[in-house]
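Every position in the sequence shown, counted from 1, becomes a number in the working numbering once 18 is added. Even glycine gets a Cβ: it sits at the ideal position worked out from N, Cα and C. The block underneath contains the structure these notes are about, expressed in structure tokens.
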Amino acid sequence: MSTLAVRLRARFTRGPLPILAACVLWGTTGTASSLAPDSAPASAVGAAGLVLGGFLLFVTARGTNAVLRTADRRLLSLGALTVAGYALAFYPAVERTGVAVATTVALATAPIVLGLRSRPLVTSAAVVGCAVLVLGGGDAHVDLVGVALAVIAGLSFAVYSVICAHLIGLGHPSGAVVGAVFGGASVLTLPVLLLLGVGWVATPSGLAVTAHLAVFTTFVAYLLFGRGLRRTSAATATTLTLAEPAVAAVLGVVVLHERLPFASWCGMGVLGLALLALARG
19 MSTLAVRLRA RFTRGPLPIL AACVLWGTTG TASSLAPDSA PASAVGAAGL
69 VLGGFLLFVT ARGTNAVLRT ADRRLLSLGA LTVAGYALAF YPAVERTGVA
119 VATTVALATA PIVLGLRSRP LVTSAAVVGC AVLVLGGGDA HVDLVGVALA
169 VIAGLSFAVY SVICAHLIGL GHPSGAVVGA VFGGASVLTL PVLLLLGVGW
219 VATPSGLAVT AHLAVFTTFV AYLLFGRGLR RTSAATATTL TLAEPAVAAV
269 LGVVVLHERL PFASWCGMGV LGLALLALAR G
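Here it is as structure tokens:
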């Protein structure tokens with residue numbers, strides 16, 4: 019295999035590209051969740067995907083037991099708590115303040131907290147582009163409780179990203195770290211899911227939505243995200259996740275036949291240039 023091929027393969031499997039691939043999968047969350055039964059609470063939909071997806075990550079990862087024995091258990095516990103906190107805060111935020119505001123606040127919080135110091139210009143451009151993309155339609159509804167929940171979700175994602183990047187940087191396998199953290203999050207979230215009710219999961223649409231969220235937006239996506247953290251800092255990784263609303267917007271246009279305002283297309287362009295600069299860096 020040529021040197022160029024080796025470099026390209028390493029960049030694809032261990033650089034920013036796996037994170038962008040995870041964003042493509044995360045971008046399907048809104049479209050998939052909209053197909054859940056009307057009887058399913060928003061929090062229950064997110065919790066169901068996390069419980070099953072976290073279990074899959076835990077049982078399929080190699081080296082999880084070694085991570086549980088040797089890694090700092092306080093970090094693992096905090097990582098599990100913040101993963102569960104993200105899911106349990108984000109979906110109610112969407113329900114209270116709408117997809118546009120909740121997505122913008124949650125996704126922009128982590129890059130603002132982690133990325134402004136290291137890459138201020140590119141991070142700012144990415145955040146502004148994301149905000150214009152999502153809010154360009156002018157139909158935003160601001161609910162203070164919903165915004166607060168979205169901030170909690172964003173901070174939770176930032177903490178989880180830093181913890182996983184730190185543990186992976188110490189030499190632990192990325193899959194084992196993600197499996198250990200998400201396995202703990204699955205255990206923490208299960209009682210909440212049972213409290214919210216699981217009857218809707220038995221319906222055809224409920225089963226399909228849960229399977230999609232568990233397998234694609236949790237299991238596969240977070241394996242890719244963990245792999246990307248091997249060679250990408252938490253600050254850059256959380257900024258790259260701003261690609262998620264761009265994917266969701268394109269899916270809305272193509273699949274749901276939604277119309278995207280001109281301002282949103284401009285925001286997508288700014289966001290794309292900023293993320294390209296990050297990926298090249």
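Output yes or no for whether 9 Å exceeds the beta carbon distance between Ser61 and Leu214.
If you number the sequence shown from 1, residue 61 lands on position 43. If you number the sequence shown from 1, residue 214 lands on position 196. Yes.
Pick helix, strand or coil for Gly246, following the three-state DSSP scheme.
Reading the sequence shown from its first residue, position 228 is the one you call residue 246. Correct three-state label for Gly246: helix.
Do you know how far the Cα of Thr47 is from the Cα of Arg92?
What you label residue 92 is simply residue 74 of the sequence shown in a count that begins at 1. What you label residue 47 is simply residue 29 of the sequence shown in a count that begins at 1. Computed Cα separation, rounded: 30 Å.
Got a sec? Which residues, its chain only, sit under 6 Å from Pro59 by beta carbon, not counting five neighbours each side?
Looking up residue 59 in the sequence shown gives position 41. Counting only Cβ-Cβ distances below 6 Å, and skipping sequence neighbours, we find Leu214.
Can you have a look at Leu212 and say buried or exposed, based on whether 16 or more other CB atoms are within 10 angstroms of its CB?
Counting from 1 along the sequence shown, the entry for residue 212 is found at position 194. By the 16-neighbour rule on beta-carbons within 10 angstroms, Leu212 is exposed.
Given Leu167, which residues of its chain have a CB within under 6 Å of its CB, disregarding the five upstream and five downstream residues?
In the sequence shown, counting from the first residue as 1, residue 167 sits at position 149. Around Leu167: Ala107, Pro110, Ala111.
Using 8 Å as the Cβ pair cut-off and three pairs as the minimum, do the segment 164-182 and the segment 121-133 touch?
Counting Cβ pairs under 8 Å, three or more are found: they touch.
Is Ser57 helix, strand or coil when you go by DSSP?
Walking along the sequence shown from the start, residue 57 turns up at place 39. Residue state, collapsed to three classes: coil.
Between Leu296 and Val140, which are expected to be in contact by the criterion C-beta below 8 Å, what is the C-beta distance as a whole number of angstroms?
What you label residue 296 is simply residue 278 of the sequence shown in a count that begins at 1. What you label residue 140 is simply residue 122 of the sequence shown in a count that begins at 1. Contact flag correct, Cβ pair sits at about 6 Å.
Is it true that the segment 83-98 meets the segment 183-196, where meeting means three or more beta-carbon pairs spaced less than 8 Å apart?
Touching, per the Cβ criterion.
Near Leu74, which residues of its chain fall below 8 Å by C-beta distance, leaving aside the five closest residues on each side in sequence?
By one-based count along the sequence shown, residue 74 stands at place 56. Here the set comprises Ala232, Val233, Thr236, Phe237.
Where do the ends of the alpha helix (DSSP H) carrying Val145 lie?
The count along the sequence shown starts at 1 and reaches residue 145 at position 127. It spans 138-153 - the alpha helix (DSSP H) in which Val145 sits, taken as one unbroken run.
Given a cut-off of 9 Å on the beta-carbon distance, is the pair Thr254 and Ala176 in contact?
Here the question's residue 254 lines up with position 236 in the sequence shown. Here the question's residue 176 lines up with position 158 in the sequence shown. Contact check for Thr254 against Ala176 fails: the beta carbons are separated by 9 Å or more.
What span of residues does the alpha helix (DSSP H) with Val227 cover, start to end?
As a first step, residue 227 is located in the sequence shown; it is residue number 209 there, counting from the start. Counting along the chain, the alpha helix (DSSP H) containing Val227 begins and ends at 222-230.
If you drop the 5 nearest sequence neighbours on each side, which residues of the same chain put their C-beta closer than 7 Å to that of Val85?
For the purposes of this step, residue 85 is identified with residue 67 of the sequence shown, where counting begins at 1. Within the same chain, Val85 has close Cβ partners His190, Ala194, Val195, Ala198.
I need the straight-line Cα distance from Leu293 to Gly285, nearest angstrom please.
By 1-based counting over the sequence shown, the position of residue 293 is 275. By 1-based counting over the sequence shown, the position of residue 285 is 267. Straight-line Cα distance between these residues: approximately 12 Å.
Taking the C-alpha atoms as reference points, what is the distance between Val101 and Phe200?
What you label residue 101 is simply residue 83 of the sequence shown in a count that begins at 1. What you label residue 200 is simply residue 182 of the sequence shown in a count that begins at 1. If I take the Cα positions, the gap works out to 7 Å.
For Val227, collect the residues of the same chain with a Cβ closer than 6 Å to its Cβ; drop the 5 residues on either side in sequence, then sort them by chain order.
Position 209 of the sequence shown, counted from the start, is the residue given in the question as residue 227. Ala50, Leu53, Ala54, listed in sequence order.
Reducing DSSP to helix, strand and coil, say where Ser251 ends up.
Position 233 of the sequence shown, counted from the start, is the residue given in the question as residue 251. The answer is coil: DSSP assigns Ser251 none of H, G, I, E or B.
Tell me, to the nearest whole angstrom, how far the beta carbon of Ala105 is from that of Leu68; I am working on the premise that it is less than 8 Å.
Position 87 of the sequence shown, counting from 1, holds the residue named residue 105. Position 50 of the sequence shown, counting from 1, holds the residue named residue 68. 5 Å between Cβ atoms; contact.
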